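Down below is the structure, laid out as C-alpha cells.
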Amino acid sequence: MTDQDQILGRLARSAFRSRFRLGRKQRRYADARGRETVAAHARDFIAARLAPVEPPNDGRQTPMRGHPVFIAQHATACCCRSCLQKWHGIPRGRALDAAQQAQIVDLLMAWIDREMGFRPPPPPARPAE
C-alpha cells in the first residue's frame with residue numbers, strides 16, 4: 000500500500016470528506032479536457048490559491064462545486080492551509096515548496112483517477128533472487 004493509498008483510506012473514513020464525488024458535469028469536463036489538462040489546472044490552482052504564505056481568503060478560497068479539482072481538494076483535505084495542517088501535517092505560515100505542491104497535485108489526481116474509474120497497473124513484480 001502506498002502513502003497515497005493510506006492517505007486516501009484515512010480520508011475515506013471521514014464522514015465529511017467521503018461525501019465528495021464527481022458529478023456528471025465534472026466527469027464530462029474531465030473526459031473532454033483530458034487528464035493532463037485537469038492536472039495543469041490543479042497545478043495552477045494550488046500555486047495560486049494554496050501555496051502562498053498567507054493565501055487570500057484562506058479557508059474560503061476553494062469552491063465546494065464546479066471544477067473537478069475543487070471537488071478533489073475538499074475530498075482530500077487540500078482545500079485550505081488549516082486542512083493541510085490538520086490532515087497532512089503541512090504547517091501554516093510558510094509558502095509551499097515545489098515538492099509539496101507536486102505531492103498535493105499527485106494526491107488530487109489520484110483521487111480524480113479513482114473517481115473516473117482509472118486504476119493504474121500494479122508495479123512490476125520483482126525478479127526472484
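Mapping of the sequence shown onto numbering that gives the first Met the number 0: position 20 corresponds to residue 19, and the numbering continues sequentially without gaps. By construction, the Cβ of each residue, glycine as well, lies at the ideal position given by its N, Cα and C atoms. Quantities reported herein were computed from a predicted structural model and do not represent experimental measurements.
ask   = Between 11, 5, 2, 34, which lies nearest to residue 73 when the distance is taken from Cα to Cα?
value = If we check each option's Cα against that of residue 73, 11 comes out closest.
ask   = Hey, residue 84 and residue 50: beta-carbon distance below 8 Å or not?
value = Not closer than 8 Å, so no.
request  = Could you tell me which of 102, 117, 52 sits nearest to residue 75, measuring between CA atoms?
outcome  = Measuring from the Cα of residue 75, the nearest candidate turns out to be 102.
query = Among 69, 86, 48, 40, which residue has its Cα nearest to the Cα of residue 8?
reply = When each option's Cα is compared against that of residue 8, the closest is 86.
query = When you compare only the Cα positions, how much space is there between residue 58 and residue 117?
reply = The alpha-carbon atoms of residue 58 and residue 117 are separated by roughly 30 Å.
inquiry  = I need the DSSP call for residue 8, collapsed to helix, strand or coil.
reply    = In the three-state DSSP reduction, residue 8 falls in the helix class (H, G or I).
query = Would you report the Cα separation of residue 33 and residue 109, rounded to the nearest angstrom?
reply = Taking the straight line joining both Cα atoms gives about 14 Å.
query = Would a C-beta distance cut-off of 8 Å place residue 77 and residue 106 closer than the cut-off?
reply = The answer is yes: Cβ separation under 8 Å.
query = Can you name the start and end residues of the alpha helix (DSSP H) that residue 108 belongs to?
reply = Per DSSP, residue 108 is one residue of the alpha helix (DSSP H) stretching across 97 to 114.
Per-residue DSSP class, three states only, for residue 51 = When secondary structure is reduced to three states using DSSP, residue 51 falls in the coil class, being assigned neither helix nor strand.
message = Quick check: the Cα distance between residue 64 and residue 95, rounded to an integer number of angstroms?
response = Rounded to whole angstroms, residue 64 to residue 95 spans 24 Å at the Cα level.
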